[in-house]
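Trainee: Dropping the structure in here first, questions after.
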Amino acid sequence: MPQSSDSKAKYTDKQKRKAEHIEEGYKEKGVSDAKAEQIAWATVNKQSGGGEKSGSGTHKPEKEKQQARHDSAQRAAETRKEKEKPNSLEAQTKVSLLEKARQKNIAGRSNMNKQELILALRQAS
């Protein structure tokens with residue numbers, strides 16, 4: 013559930029900027045505005061222990077905050093690694109795509125560029 017602007021008064025400017033940055037990233041990935049905002053504030057809360065102006069963030073030990081930031085960074089790195097799989101057609105060379113097209117007996121493959129080969133291979137599957 014998205015937070016009202018009054019409930020964000022307890023957050024520092026840095027926390028607000030961080031949440032906005034995270035939210036923009038999710039919106040670029042096609043996540044709805046409400047869901048992106050929810051994820052962004054949940055991430056900020058996880059990393060810093062909540063709104064630091066209210067004192068709630070001070071109850072969480074610095075070591076625990078540091079671990080939460082580290083965990084979040086690890087998950088983000090794993091997500092980035094998953095984005096482009098080595099077996100995806102886009103990650104392969106034109107030569108390997110031509111070989112796959114030859115195996116599937118795609119006509120006109122020698123005159124195709126890489127993008128056309130990818131489309132032809134997807135249609136042949």
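In terms of the numbering used here, the sequence shown opens at residue 13 and continues consecutively. Beta carbons: idealized from backbone N, C-alpha and C, even for Gly.
Whether or not the region 22-42 and the region 52-60 are in contact is what I'm after, with contact meaning three or more pairs of Cβ atoms, one per stretch, closer than 8 Å; do they touch?
Mentor: Yes, the region 52-60 touches the region 22-42.
Trainee: So, for residue 87: in the same chain, excluding its five sequence neighbours on each side, which residues have a beta-carbon less than 6 Å away from its beta-carbon?
Mentor: Excluding residues within five positions, none has a Cβ falling inside 6 Å.
Trainee: Pick helix, strand or coil for residue 91, following the three-state DSSP scheme.
Mentor: Residue 91 falls in the helix class under three-state DSSP.
Trainee: Can you give me the start and stop residues for the alpha helix (DSSP H) that residue 108 sits inside?
Mentor: Where residue 108 is concerned, the enclosing alpha helix (DSSP H) stretches over 106-115.
Trainee: Taking the CB atoms as reference points, tell me whether residue 93 and residue 109 lie closer together than 8 Å.
Mentor: Cβ distance not < 8 Å, so residue 93 and residue 109 don't count as in contact.
Trainee: State the DSSP-derived secondary structure class of residue 38, mapped to helix, strand or coil.
Mentor: Residue state, collapsed to three classes: helix.
Trainee: Could you tell me whether the Cβ atoms of residue 130 and residue 102 are closer together than 8 Å?
Mentor: Against a cut-off of 8 Å, the Cβ pair of residue 102 and residue 130 comes out as a contact.
Trainee: Answer with buried or exposed for residue 119, where buried requires no fewer than 16 other C-beta atoms within 10 angstroms of its C-beta.
Mentor: Answer is exposed; the Cβ neighbour count stays below 16.
Trainee: Cutting at 7 Å between CB atoms, please list the residues of its own chain near residue 114, excluding the five before and the five after it.
Mentor: Here the set comprises 121.
Trainee: Roughly how far, in whole angstroms, is the beta-carbon of residue 84 from the beta-carbon of residue 55, given that I think they are within contact range, below 8 Å?
Mentor: Indeed they touch by this definition, with Cβ atoms about 6 Å apart.
Trainee: What whole-angstrom Cβ distance do residue 52 and residue 31 have, given they're in contact under 8 Å?
Mentor: Contact flag correct, Cβ pair sits at about 4 Å.
Trainee: Starting from the C-beta of residue 34, find all residues in its chain whose C-beta is less than 6 Å away, skip the five residues before and the five after it, and write them out in chain order.
Mentor: The residues are 52, 55.
Trainee: Counting C-beta neighbours from all protein chains within 10 Å, is the total for residue 132 16 or more, i.e. buried, or is it exposed?
Mentor: With 16 or more Cβ atoms within 10 Å of its Cβ, residue 132 is classed as buried.
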